[in-house]
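Chains as they are written, first to last, in the working numbering: chain A, 31 to 367; chain B, 31 to 367; chain C, 388 to 694; chain D, 388 to 694.
Note that the Cβ used here is the ideal one computed from N, Cα and C, for glycine as well.
Note that the structure is a prediction, hence the values are computed from the model and not measured.
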Amino acid sequence: MQTVLESLNQALHTALASDERVYVLGEDILDPYGGAFKVTRGLSTAFPDRTMTTPISEAGIFGVATGMALRGLRPVVEIMFGDFITLIADQVINHAAKFRYMYNEQLSVPVVMRVPMGGRRGYGPTHSQTLEKIFLGIPGIRILAPCSLKDPGKLLLHAILHDDDPVLFIENKILYSRPVLSHEEDNDFKITTSDSQNQSDYAPAFHLSIREAPSPSLTIATYGYMVDLCRQAVLQLAYEDEIFIDLVVLTQLSPFNIEPIINSVHRTHHLLVVEEGTCTLGWGAEVLARSVENLGKEIYKAARVASLDVAIPASGPLESAVLPDIDDIIQAAKKMV
Amino acid sequence: MQTVLESLNQALHTALASDERVYVLGEDILDPYGGAFKVTRGLSTAFPDRTMTTPISEAGIFGVATGMALRGLRPVVEIMFGDFITLIADQVINHAAKFRYMYNEQLSVPVVMRVPMGGRRGYGPTHSQTLEKIFLGIPGIRILAPCSLKDPGKLLLHAILHDDDPVLFIENKILYSRPVLSHEEDNDFKITTSDSQNQSDYAPAFHLSIREAPSPSLTIATYGYMVDLCRQAVLQLAYEDEIFIDLVVLTQLSPFNIEPIINSVHRTHHLLVVEEGTCTLGWGAEVLARSVENLGKEIYKAARVASLDVAIPASGPLESAVLPDIDDIIQAAKKMV
Amino acid sequence: MSNNSKSDSDQISKVELADLYRSMLRIRRFEETVLGEFSRGYFFGTTHTYIGQEANAVGVLRNIAPEDIVVSNHRSHGHFLAYGGDMRALFAELMGKSTGVCGGRGGSQHLYWKNFYSNGVLGGTSPIGTGIALAEKFNQRDTVTITFLGDGALGEGVVYESLNMASLWSAPVLFVLENNHIAQTTPAELNLAGSIVNRFNAFGIDSEALDTSDVLVIQSSAVRAISEVRKKSSPQALILNTYRFGPHSKGDDTRQEKEILELRKTRDPISILAERLDPDQINPIEEEVDDEVKQAFQKAESDPIPN
Amino acid sequence: MSNNSKSDSDQISKVELADLYRSMLRIRRFEETVLGEFSRGYFFGTTHTYIGQEANAVGVLRNIAPEDIVVSNHRSHGHFLAYGGDMRALFAELMGKSTGVCGGRGGSQHLYWKNFYSNGVLGGTSPIGTGIALAEKFNQRDTVTITFLGDGALGEGVVYESLNMASLWSAPVLFVLENNHIAQTTPAELNLAGSIVNRFNAFGIDSEALDTSDVLVIQSSAVRAISEVRKKSSPQALILNTYRFGPHSKGDDTRQEKEILELRKTRDPISILAERLDPDQINPIEEEVDDEVKQAFQKAESDPIPN
Ligand SMILES: Cc1ncc(C[n+]2csc(CCOP(=O)(O)OP(=O)(O)O)c2C)c(N)n1
Ligand SMILES: Cc1ncc(C[n+]2csc(CCOP(=O)(O)OP(=O)(O)O)c2C)c(N)n1
Ligand SMILES: [Mg+2]
Ligand SMILES: [Mg+2]
């Protein structure tokens with residue numbers, strides 16, 4: 031079975047092999063090291079001319095990639111830790127993301143930035159965050175987050191080869207070592223791909239429900255590594271508490287298309303959003319906002335499970351207390367139904 | 031009558047005069063120019079040693095101010111255009127805002143950054159944004175937004191002299207020239223200060239309702255310059271459509287304490303949030319999220335009026351179409367009740 | 388540092404001199420019209436005019452190859468017109484018309500046309516120019532990218548990240564540093580420590596510094612620099628000491644009027660070049676340019692607004 | 388560039404030599420213990436050890452005044468211990484204990500104690516160090532702030548913003564640039580164009596560069612530099628060419644083992660100093676330090692975890 035890391039690594043190899051316009055830039059990505067998390071392993075050996083290790087200049091690297099994208103290349107940038115997307119905020123928000131619109135649709139900026147996010151490794155306050163929230167909703171960029179379902183590499187490959195706008199690709203660090211699950215392999219869950227996508231949205235949304243379970247009374251919406259935690263919580267809630275859940279998994283975070291969530295809540299009337307970032311103004315805020323705008327009093331209850339609104343401590347026990355875990359999800363779900 | 035600009039300018043004078051630890055830093059803030067929007071006018075003449083004009087180095091300036099704050103000073107930084115808070119994102123998020131918590135409450139960082147935000151001047155995509163959303167919800171900083179009600183200068187003064195944590199102070203550019211209204215002066219509205227504040231929250235929330243009006247059927251929550259637009263919309267809705275509204279105005283955006291809003295929606299069951307920034311994951315998203323978490327199906331309808339999710343065009347007619355205006359508020363309100 | 392040198396102009400034909408003169412005058416008259424008409428409400432937003440610096444844009448861009456690329460900043464009108472941009476489209480852009488360079492979306496500071504890019508965030512364009520230059524290099528094109536920066540933009544850290552990468556990776560980019568000795572209202576000495584030349588050299592980028600408003604001198608240095616960048620496929624810098632005669636944007640000049648009068652007397656690139664032209668060459672150009680500007684303005688004015 | 392100079396050490400008392408030796412050895416043994424015990428799960432997160440670079444922290448910080456301030460980076464253990472930080476508190480911090488320097492919240496890269504600050508975002512500390520130095524200056528204290536940076540951190544633009552402001556405003560800060568010729572796995576020549584010395588000089592900051600692992604040489608340059616920063620109340624830089632013997636963090640060394648063995652032979656600050664001590668001085672220090680480290684580790688280990 032392939033891990034998420036292998037799937038992403040393979041996608042990068044395929045992208046470089048299949049399109050000469052693809053370049054990969056990042057800090058310490060040369061072999062034998064192959065990048066801090068090894069997602070870029072082998073690239074510099076196979077494609078030495080198009081794998082560029084860079085100085086430690088996050089803003090500069092991303093700006094260089096933007097310039098390359100303006101002239102017909104398809105650069106992929108790795109930001110070593112997602113915590114440092116703060117350093118590219120200006121290049122993303124006031125440059126790459128704006129160009130297509132402000133230059134009157136005369137050009138586009140096909141640049142992909144891959145960023146490892148997330149905690150649970152004890153790296154402490156500046157190396158553990160889930161920070162995509164600062165870019166969620168910014169006009170002009172797409173934000174994707176693979177999970178262990180189906181084909182994370184395919185999602186990345188499509189973004190690199192076919193998306194003409196800037197893409198922020200969120201990779202949870204814990205997810206790297208998880209096996210990729212095909213829909214067929216899953217014994218516990220029936221997994222369907224939501225068909226309520228926009229034409230331009232290539233990133234799938236999934237519905238997971240326990241096979242042969244009664245109709246669900248709660249919708250859980252989530253993405254990324256939290257999908258794994260939610261699956262376990264859903265199983266436990268079903269078997270121990272007879273609470274049945276429709277688990278909706280998104281792989282495109284922004285622009286928001288929460289139709290799959292709305293459709294589910296329309297039936298369950300209860301919505302729990304689970305994410306790893308700090309709670310306030312995270313992804314879940316917009317999900318809840320759009321849900322109540324769409325559904326009004328059809329929503330009986332709504333809640334979020336997320337990190338506490340503090341920095342992420344280095345110490346294991348403190349970190350665990352701050353980050354959301356399976357038990358937090360179970361407790362939140364039980365309170366709702 | 032004093033303008034908002036005069037009120038803020040006076041507050042800076044008072045702060046410098048009353049506390050030797052106060053320093054003001056920013057680009058082009060020396061007299062006779064006195065800053066791009068003149069909020070710092072006169073400071074360099076009155077306090078030449080503590081008014082520092084800086085190179086064009088937003089990240090660096092804010093980092094320097096953070097260092098000054100660590101050693102007992104109370105620096106105030108002006109970022110010339112709020113659009114450039116992107117450049118200080120790392121210094122804010124991974125430095126100043128984290129320090130108190132990650133250093134185990136052993137120190138604090140009393141730095142205030144003032145940022146002019148907002149459009150309606152035709153400055154175009156990189157000089158017109160309302161970007162506080164990228165910092166809203168970040169743990170460790172307070173975000174304030176004065177409006178033309180009561181005493182914007184007092185709010186600033188308190189932040190500078192008494193708040194020991196980083197404060198982002200959002201000043202809408204259009205607001206600068208508006209007169210400050212005391213509660214007593216208002217002929218149309220009854221204005222009360224909400225008493226549902228946390229102990230540590232010194233920034234007031236206001237309730238505005240038309241004098242002698244029947245009980246309201248809609249809550250509008252807003253802040254900053256949009257308060258002025260909302261007041262006009264509320265008057266028009268009352269007189270032309272007999273829709274009566276409880277207008278709730280917050281001056282502290284983050285940390286979120288939306289109790290005044292919740293209390294109002296508890297009675298009206300309808301919530302409209304109005305803000306100038308782009309809609310997705312703006313302030314309103316968290317307001318709606320918390321409202322539905324708190325009130326569940328007590329909310330019959332919820333909606334947001336905000337900018338379209340695009341960059342802000344320079345051309346006047348295009349800019350107007352993107353930014354929210356009085357008519358947008360009226361239309362949205364009418365759709366709800 | 389070079390200085391005005393008569394010998395250069397001896398080699399240059401009357402036609403070329405007239406063309407240079409026309410180029411600079413087009414910018415001058417365009418900017419004067421912008422400043423003059425602003426208060427009448429024709430334009431949106433604000434504007435940064437190029438009056439006094441015309442010799443830089445014209446001298447640098449006069450001889451570039453058609454595929455060469457220009458990365459400009461907030462003070463972009465002069466660069467745009469010298470690059471060959473359409474005057475009516477630029478007026479229309481400032482007026483927010485749908486015929487504008489970017490259909491009115493960009494405005495004065497945000498232009499894109501052919502191989503010309505500008506943005507209003509100081510310094511932020513420098514890594515982008517470097518990336519553009521690299522892309523052209525990777526694609527085996529011998530394009531040169533010209534990135535304009537002001538003295539004030541040297542405050543931004545991302546500029547140094549860009550110098551480092553441009554140098555490390557031999558990006559064929561020419562950094563043109565227009566040092567007009569002021570950033571908005573702040574004199575360079577309150578903004579910049581050390582030396583501008585050394586800042587480039589410290590990153591292994593050779594530079595030449597000029598202190599002249601003579602377009603011929605600038606032109607000859609630029610031709611040399613651009614051809615070296617092209618030949619060596621590596622970065623260089625050209626530091627142009629220059630003076631802004633107008634306000635930073637509108638009505639925000641805090642300098643002494645005397646100072647500016649003196650500058651206009653000694654450092655006006657248009658008067659300096661005029662001395663080299665036959666007196667009877669000048670009038671027709673003046674008329675032609677006045678007419679062009681007037682027509683461009685009127686056409687733009689009657690262009691439709693976008694919806 | 389200076390080199391090992393015997394004459395310096397002649398002046399220095401046996402006690403002082405022993406103290407320097409002890410200081411460096413404490414760092415060495417601490418770091419060896421961290422690396423050795425990491426795989427046993429005592430520590431959280433990751434760690435960047437200082438093995439091979441001990442002479443820098445000890446040489447620079449040995450003679451600072453009690454009020455002087457240290458701004459450190461991700462590789463902070465050596466700086467912290469040389470500053471006078473408590474070994475047990477540092478172990479406890481890495482173990483995530485409530486007795487840790489920051490109660491376990493910060494971990495290896497995020498320390499604050501007395502006048503010592505570290506953070507894990509490369510370069511981001513440099514404006515903060517500059518602001519700290521300015522605050523001290525404004526408060527009429529003659530404190531010196533010492534900001535440690537690595538060669539890799541020179542990639543970050545904010546460093547240059549800081550050099551510019553430190554120079555413009557005469558901040559009494561000493562930038563100590565530890566050039567260990569590698570950033571994580573990237574050799575300096577793939578990261579840095581031009582010259583490090585010139586990068587400081589370009590901003591008007593004088594620097595001295597050393598290429599030595601002799602703590603006495605570093606110490607004497609540091610004493611001179613710090614006293615000049617204090618006297619002139621203006622910035623300087625000290626560039627220390629140095630070598631890291633261990634991995635970047637844990638098990639991520641991509642260099643040849645041969646290369647590191649060679650470095651250990653020629654550039655080990657502890658062996659270099661050992662030659663200057665009486666042989667019979669060394670053993671007791673070794674034992675004392677071993678004992679201290681063992682005790683500190685054990686105490687930290689039995690300290691409570693926070694809740
Ligand atoms: C990042 C950023 N900070 C601040 C500004 C506001 N601003 C616009 S132009 C200017 C001065 C620029 O000076 P310089 O680079 O010397 O160019 P000049 O105006 O002299 O041509 C400033 C501060 C900006 N546009 N971008
Ligand atoms: C802004 C930022 N980017 C990337 C990293 C990840 N990182 C940690 S240490 C390091 C290498 C640092 O090299 P250098 O500055 O030479 O210090 P050294 O490790 O050699 O002591 C990198 C890339 C970081 N901590 N901060
Ligand atoms: Mg200038
Ligand atoms: Mg290094």
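Limits of the beta strand (DSSP E) - the one that residue i falls within
| i | result |
| --- | --- |
| residue 566 of chain D | 560-566 |
| residue 593 of chain D | 593-598 |
| residue 280 of chain B | 275-280 |
| residue 135 of chain A | Run containing residue 135 of chain A: none; DSSP gives neither H nor E here. |
| residue 524 of chain C | Not the beta strand (DSSP E): residue 524 of chain C falls in the alpha helix (DSSP H), residues 512-525. |
Residue interval of the alpha helix (DSSP H) (run including residue i)
| i | result |
| --- | --- |
| residue 465 of chain D | 464-470 |
| residue 606 of chain C | 602-619 |
| residue 43 of chain B | 34-48 |
| residue 408 of chain C | 401-425 |
| residue 666 of chain C | 666-689 |
| residue 637 of chain C | No alpha helix (DSSP H) contains residue 637 of chain C, which DSSP labels as neither H nor E. |
| residue 438 of chain C | That residue, residue 438 of chain C, is in no alpha helix (DSSP H); it is neither H nor E in DSSP. |
If contact means a Cβ-Cβ distance below 8 Å, which residues of the stretch 513-531 of chain C contact chain A? 513, 514, 515, 516, 517, 518, 519, 520, 521, 522, 523, 525 and 526
Segment contact flag, the stretch 335-350 of chain A with the stretch 155-171 of chain A, C-beta cutoff 8 Å, min 3 pairs: yes
Pair every Cβ in the stretch 583-598 of chain D with every Cβ in the stretch 535-554 of chain D, then say whether three or more of these pairs are closer than 8 Å. yes
May I have all residues whose beta carbon comes closer than 6 Å to any heavy atom of ligand 4, sorted in chain order? If you measure from each CB to the nearest heavy atom of ligand 4, the residues under 6 Å come out as D:537, D:538, D:539, D:567, D:569 and D:570.
Quick one: which unbroken beta strand (DSSP E) runs of 3-plus residues sit fully inside the stretch 152-235 of chain B? Chain order, please. 172-174, 197-202 and 219-223
If contact means a Cβ-Cβ distance below 7 Å, which residues of the stretch 337-351 of chain A contact chain D? 343, 344, 345, 346, 347 and 348
What residues in the stretch 309-329 of chain A have a beta carbon less than 9 Å from any beta carbon of chain B? Within the stretch 309-329 of chain A, those residues whose Cβ lies closer than 9 Å to any Cβ of chain B are, in chain order, 309, 310, 311, 312, 313, 314, 315, 316, 317, 318, 319, 320, 321, 322, 323, 326, 327, 328 and 329.
Any residues in the stretch 543-559 of chain C with a beta carbon nearer than 7 Å to a beta carbon of chain B? Which ones, in chain order? 543 and 544
Short-range partners of chain C found in the stretch 88-109 of chain A, where Cβ spacing is below 9 Å: 88, 89, 90, 91, 92, 93, 94, 95, 96, 97, 98, 99, 100, 101, 102, 103 and 105
Determine which residues of the stretch 118-148 of chain B have a Cβ less than 7 Å from any Cβ of chain D, and write them out in chain order. 120, 121, 124, 125, 131, 132, 133, 134, 136 and 137
Could you tell me which whole beta strand (DSSP E) segments of length 3 or greater appear in the stretch 58-127 of chain B? Runs of the beta strand (DSSP E) inside the stretch 58-127 of chain B: 81-83 and 104-108.
Residues in the stretch 161-187 of chain B having any Cβ partner in chain A nearer than 9 Å: 161, 163, 164, 165, 166, 167, 168, 169 and 170
Going along the chain, which residues of the stretch 48-71 of chain A sit with their C-beta nearer than 8 Å to a C-beta in chain D? 57, 58, 60, 62, 63 and 66
Do the stretch 594-613 of chain C and the stretch 651-668 of chain C make contact, defined as three or more Cβ pairs closer than 8 Å? Yes, the stretch 594-613 of chain C is in contact with the stretch 651-668 of chain C.
Could you please tell me which residues of the stretch 464-493 of chain C, in chain order, have their CB closer than 7 Å to any CB of chain A? 489, 490, 492 and 493
Pairing CB atoms from the stretch 606-620 of chain C with CB atoms from the stretch 567-577 of chain C, are three or more of them under 8 Å? no
If the cut-off is 8 Å on Cβ atoms, which residues from the stretch 268-289 of chain B count as contacting chain A, listed in chain order? Taking 8 Å as the upper bound on Cβ-Cβ separation, chain A lies near residues 284, 285 and 286 of the stretch 268-289 of chain B.
Would you list, in sequence order, the uninterrupted beta strand (DSSP E) runs of no fewer than 3 residues that lie entirely inside the stretch 443-508 of chain C? Counting only runs of 3 or more, we get 456-459 and 503-505.
Are there three or more Cβ pairs, one per stretch, closer than 8 Å when the stretch 256-270 of chain A is compared with the stretch 282-289 of chain A? Segments in contact, no.
Inter-stretch contact (C-beta, 8 Å, three-pair minimum) for the stretch 192-211 of chain B and the stretch 164-184 of chain B: yes
Sufficient close CB pairs (3 or more, under 8 Å) joining the stretch 399-411 of chain D to the stretch 442-450 of chain D: yes
Is it true that the stretch 452-463 of chain C meets the stretch 498-505 of chain C, where meeting means three or more beta-carbon pairs spaced less than 8 Å apart? yes
Would you be able to state if there are at least three C-beta pairs under 8 Å between the stretch 97-104 of chain A and the stretch 508-519 of chain C? Counting Cβ pairs under 8 Å, three or more are found: they touch.
Pull out every residue of the stretch 629-646 of chain D whose Cβ sits closer than 9 Å to any Cβ of chain B, in chain order. none
Contact between the stretch 123-143 of chain B and the stretch 508-515 of chain D is defined here as three or more beta-carbon pairs at a separation below 8 Å; is this criterion met? In short, these stretches touch, since the Cβ pair count reaches three.
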